[in-house]
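Going from the sequence shown to my numbering is simple: count from 1 and add 112.
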Amino acid sequence: MELVYCLIGVIVVGGIAFLAAAIRIVPEYQRLVVFRLGRCLGSRGPGLVFLIPFIDRGVRVDLREQVREIPAQTAITSDNAPISIDFLWYYKVFDPVQSVLQVANFEAAAQGIATTTLRSVIGAIMLDSVLSEREQINHALRTRLDEVTERWGVKVTNVEIREIIPPREVQEAMNRQLSAERNRRAIVTESNGTREAAINVAEGEKQAAILKAEGQKRASILIAEGEREAQLLRAEGYAAALEKIFSVANRLDSKTLTLQYFETLKSMATSPSTKYIFPMEFTSLLGDFIRLRGEQGGGTPQS
113 MELVYCLIGV IVVGGIAFLA AAIRIVPEYQ RLVVFRLGRC LGSRGPGLVF LIPFIDRGVR
173 VDLREQVREI PAQTAITSDN APISIDFLWY YKVFDPVQSV LQVANFEAAA QGIATTTLRS
233 VIGAIMLDSV LSEREQINHA LRTRLDEVTE RWGVKVTNVE IREIIPPREV QEAMNRQLSA
293 ERNRRAIVTE SNGTREAAIN VAEGEKQAAI LKAEGQKRAS ILIAEGEREA QLLRAEGYAA
353 ALEKIFSVAN RLDSKTLTLQ YFETLKSMAT SPSTKYIFPM EFTSLLGDFI RLRGEQGGGT
413 PQS
């Protein structure tokens, strides 16, 4: 019985091992390239994939986009300046069968191609262009790498230069140039500020002078208008007075004038003066007055 139980256990364990070797679970982002007796049957997956143990062999291929770092490489520019560059490159497998059949170690081969391509691209560019045209260098590297890796079933999606380290003397020259540029910008900024301040001061003085002139002008206009109105009022007062005098004079007769002269003579009599001047009209008015008094008294006037 113990032998039977051992035989059953061996069969069960062998069955489990057989199933474990025969069944593969392939995720959505992977494919399984199947080889049967050395012949490629193509890719399988995703999901459950059944293999014949000891006959079939599966190679997993990741279809997700991958990123790899190319360590710092020394390259010589076209003007013989050594620089150190490291960059990242992104790739994605679009044909899992070709990525297994066409190259033994894809990542090592791609890294070698990237290194030689970098030296080739940098060798055709001046140092100043290398420092200022990263985007063009990234595009050139991606294009050349993609031309090589396309036959392996791999697509290079992007290349990004991470760091460029020029020689020490070049760095020192760049630092001096940067310092000079900053000093120039500071001087230009200061001069622009001084100029704008002077312009603002001149503009303020101009506005103040304009406002002062406007105030003086308005004050002069107001004074002139006041004097004109005062003169008009005085002229109107004189005109009204003359009109009043003229209207009163039209109502006066010779008797009233004579009486007024007599009143004036009474005032003159109280004066300490010894000489008096009489107007010629007074004698004629006095004659008329005597004549009128004679006619009223019924006698003949005496001269």
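Every residue, glycine too, gets a C-beta built ideally from N, C-alpha and C.
Could you have a look at Leu160 and say whether DSSP puts it in helix, strand or coil?
strand
Go ahead and label Val212 buried or exposed: buried means 16 or more other beta carbons lie within 10 angstroms of its beta carbon, across all protein chains shown.
buried
Segment contact, 8 angstroms Cβ cut-off, at least three pairs: the region 232 to 242 with the region 177 to 194
yes
Asn217 (DSSP reduced to helix, strand or coil):
coil
The alpha helix (DSSP H) enclosing Asn250, as first and last residue numbers:
246 to 261
Buried or exposed: which applies to Arg256, given that a residue is buried once 16 or more other Cβ atoms fall within 10 Å of its Cβ?
buried
If you reduce the DSSP assignment to three classes, tell me which class Asn192 lands in.
coil
What does the Cβ neighbour count give for Ser415, buried or exposed, with the cut at 16 atoms within 10 Å?
Reliability fails at Ser415, whose pLDDT of 40 lies under 50, so the model's placement of it is uncertain and no value is given.
Limits of the alpha helix (DSSP H) - the one that Ile123 falls within:
114 to 134
Helix, strand or coil for Arg148, going by three-state DSSP, please let me know.
strand
Name the one or two DSSP bridge partners that Arg180 has.
Trp201
Euclidean distance between Cα positions of Arg297 and Gln283
21 angstroms
Would you kindly work out how many angstroms separate the C-alpha atoms of Arg136 and Asp174, rounded to a whole number?
15 angstroms
Cα-Cα, which of Ala226, Pro158, Val161, Arg156 is closest to Glu181?
Ala226
Taking only three categories from DSSP, how would you classify Leu239?
helix
Quick one: Cα of Leu354 to Cα of Leu323, how far?
46 angstroms
Cut-off 7 angstroms between Cβ atoms - residues of its own chain near Thr269, not counting five sequence neighbours on either side
Glu177, Tyr202, Tyr203, Lys204
Output needed for Gly411: all residues of its chain with C-beta closer than 7 angstroms, excluding positions within five of it in sequence on either side, in chain order.
Summary for Gly411: the model assigns pLDDT 47, below 50, so the residue's position carries little reliability, and this model does not support an answer.
Following the continuous beta strand (DSSP E) through Ile273, name the residue where it begins and the one where it ends.
266 to 277
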